[in-house]
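Notes follow once the structure below has been shown.
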Amino acid sequence: MQPRRPSSARPDRETKFYPRWLFVVLCVALLLHLNYWLWGTDRLVLGLPINLFYHVLLTLALSVVMGTLARRGWPAFLEDEDPE
Amino acid sequence: MILTVIVLYLAVVLSVGLLAHRRSRGTGEDFYVASRSIGPFVLLMTLFGTNMTAFSILGASGEAYRQGILVYALMGSSSALVVPLVFYFVGTRMWWLGKKHGYLTQVQFFRDRYGSEPLAVGLFVVLVVLLLPYVLIGVKGGGDALSAVTAGQGPGVPTWVGSLLVCGVIFVYVTYGGMRSTAWVNTFQTSVFMLVGAAAFVVITRSYGGLTAAMNTIRENHNELAIVGQNAHTLMTMASYLLVPLSVGVFPHIFSHWLSADHAKSFKAIITLYPLGIVVVWLPSVALGVIGNIDHAPPFAGPILVQLILENSGGVLAGLLAAGIFAAIMSSLDSQTLAVGTMFTQDVLRPYGFRGELSERRQVLFSRIFILAFLATAFVASQITTRSIFNLGVWSLSGYAGLFPMVAAALFWRRSSATGALAALGTTVVLWVILLMRSQGVEGEYTIAGSGVMPVVPIVLASTAATVLGSLLGPVPDPEATERFFPES
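Line by line, the protein sequences are chains A and B. Here this note's numbering is used: position 9 in the first sequence is 2, and no number is missing along the way. Here this note's numbering is used: position 398 in the second sequence is 538, and no number is missing along the way.
Below, the structure written as structure tokens:
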């Protein structure tokens, strides 16, 4: 079980079951998703237009993020085999 | 040749479905959620296949043909970011609650969580109504695909044949084996359409002298398709599309797959690999759609991907492509059909028709009857409705996305109440209808005041506000009754 810290406000207690770094990663991912600065660039990378290549790369990176989330950020209550 | 491949494919689909039934435990829970016994691999494949529809193959390539590479970022990349997080936060929690309290449907959860009958009834109606256009698109898509693929050899098979085939095959394995057959068949179908997409990509780009040569031709002759327009309108649309995949958290057909998992840990595979799956399915679709412009000046009537396959490959690949399209369509339609059958039995018949005194055997029997009636209705409706039904696709998703705040609040906010949920439901319905009416007669894609902001944005924002305000202004829920829905307590 994840250690529970004493908490003053109730709603806050919930978030401790999910990793905080996820919030930061999410904000970065959202910014990277809206890659306005690259939109007008016309070049091919590995045969793909650079904006398509960029988003494919971003999608692959997301798989790494989600994998880390599943391995390192799994909420404790889901570890219990049976929620009865 | 093409028809032979398709018939063989459908025969394999049926065998897998019938084979899965041999593992059945013969109970109601087995029919609806495969006795909550599905492991990581089948869960991964069936959830992915359910979420990838005909649109991901035919629609995405068609859109890319018109709009260019932007389509991948709009619809593929955004769902790779949002969908795994929805599974992580909402899916695993719903699974936990479903197992703890024995739920089979979303309405059961909401009825239990807030104890409001008007909410349960309203939610049931909205969930089913939003599913209708989605289902019709699948049934019609099957007919169109078969007709287009066979058109190379003459007039092509009439569209009703493909639609009937899709409905008929689904009817057999869904009613026979329920969730277990559906999950197994989806696993097979997902493998098929992933492989077919990859094969089509290799064969077609090769016949254009390789990917680089093909894309260079596009850059020279259709440069606007190889870049993204740097303007506020595109930026707004791109940001709007990030909200559309929230619909996954509300789909009844995804919900029932969540409940079928054996352990929470089984979600780890789909959470990790979902973005990878998006690359495998969407990259070929979008790239080939763009390449379609080389030999076919727009507007091109009919599916551009089918045209490219027919021109560049033999009958076997064309047949496999049709099988792949069928796979993408059927792997969503079967889950939707099963979900509707489950909902009619559990949410309407049991509480209202029989007051809970219905044996499991009879529940399953009624579900089968509902599934037959639903598929028959969908088939007839697909023959009556026009192609304009396809435009309702994104509207269906926007409606479901509008209910997401209410789902999130029920799971994560103890203070949320029936009043908040009812307010969110009402707001979503009203705004959805108003915006849909305002979009009539608008050329191209309707955005708010032509700004690029999609209807999903005001719907989700208003629904969030309604959830919060309704909950805060309405009666305070009983804290003790609420605790059993929170694993942290």
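Glycine residues also receive a C-beta, built at the ideal position from the N, C-alpha and C atoms.
- Under the 7 Å criterion on CB atoms, residue 14 of chain A is classed as non-interfacial with respect to chain B.
- Beyond the five residues adjoining it in sequence on each side, residue 554 of chain B comes within less than 6 Å, by CB distance, of 622 in the same chain, given in chain order.
- Taking residue 574 of chain B as reference, the option from B/344, B/429 and B/588 with the minimal CA-CA separation is B/588.
- For residue 378 of chain B, the chain A residues whose Cβ falls inside 8 Å of its Cβ are 26 and 27, in order along the chain.
- Taking C-alpha positions only, residue 419 of chain B is separated from residue 200 of chain B by approximately 13 Å.
- Comparing alpha carbon positions, the residue from B/611, B/414, B/595 and B/572 closest to residue 57 of chain A is B/414.
- Assignment of residue 401 of chain B by DSSP, reduced to helix, strand and coil, places it in the strand class.
- When the alpha-carbon of residue 232 of chain B is set against those of B/552, B/584 and B/592, the nearest one is in B/552.
- With its beta carbon less than 7 Å from one in chain A, residue 217 of chain B belongs to the interface.
- Per DSSP, the unbroken alpha helix (DSSP H) holding residue 315 of chain B starts and ends at 299 to 347.
- Residue 38 of chain A does not reach chain B, its nearest Cβ partner there being about 10 Å away, counting only Cβ pairs nearer than 9 Å.
- Cβ proximity to chain B below 7 Å picks out 40, 41, 42, 44, 45, 48, 49, 51, 52 and 53 from the region 39 to 54 of chain A.
- Counting only Cβ-Cβ distances below 9 Å, residue 160 of chain B has no contacts in chain A at all, with the closest Cβ about 25 Å away.
- Residue state for residue 237 of chain B is assigned as helix, using DSSP reduced to three classes.
- With a cutoff of 7 Å on beta-carbon distance, residue 235 of chain B and residue 422 of chain B are scored as not near each other.
- Distance between residue 314 of chain B and residue 31 of chain A, taken at the CA atoms: about 47 Å.
- With a threshold of 7 Å between beta carbons, residue 416 of chain B makes contact with chain A.
- Judged by their CB atoms, residue 287 of chain B and residue 519 of chain B are not nearer to each other than the 7 Å cut-off.
- Apart from the 5 residues on each side of it in sequence, residue 452 of chain B sits with its Cβ closer than 7 Å to the Cβ of 343, 344 and 347 in its chain, given in chain order.
- The C-beta of residue 627 of chain B comes closer than 7 Å to at least one C-beta of chain A.
- With a threshold of 16 other beta carbon atoms within 10 Å, residue 178 of chain B meets it and is buried.
- The bridge partners DSSP lists for residue 41 of chain A are A/38.
- Runs of the alpha helix (DSSP H) lying entirely within the region 388 to 449 of chain B, each at least 4 residues long, are 392 to 399 and 407 to 431 in chain order.
- According to the DSSP secondary-structure assignment, residue 178 of chain B is paired through a beta bridge with B/401.
- Contact residues of the region 196 to 222 of chain B toward chain A are 208, 209, 210, 212, 213, 216, 217, 218, 220 and 221 (C-beta to C-beta distance below 9 Å).
- Distance from the CA atom of residue 402 of chain B to the CA atom of residue 223 of chain B, rounded to whole angstroms, is 20 Å.
- Distance check between residue 584 of chain B and each of B/605, B/531 and B/516 places B/531 closest, using alpha-carbon atoms only.
- One Cα belongs to residue 442 of chain B, the other to residue 431 of chain B, and the distance between them is close to 16 Å.
- Taking the C-beta atoms as reference points, residue 157 of chain B is found no nearer than 7 Å to residue 275 of chain B.
- At least 7 Å separates the beta-carbon of residue 541 of chain B from that of residue 610 of chain B.
- Positions of the alpha helix (DSSP H) runs, each at least 4 residues long and wholly inside the region 542 to 607 of chain B, are given as 544 to 552 and 558 to 579 in order along the chain.
- Residues of chain A whose Cβ lies closer than 8 Å to the Cβ of residue 363 of chain B are, in chain order, 35.
- A distance below 8 Å between beta-carbons, with the five flanking residues on each side excluded, links residue 445 of chain B to the following residues of its chain, in chain order: 197, 198, 201, 202, 340, 425, 428, 429, 432 and 461.
- In its chain, beyond the 5 residues on either side, 168 and 171 have a beta carbon closer than 7 Å to the beta carbon of residue 504 of chain B.
- Between residue 395 of chain B and residue 246 of chain B, the C-beta gap is smaller than 7 Å, which places the two residues in contact.
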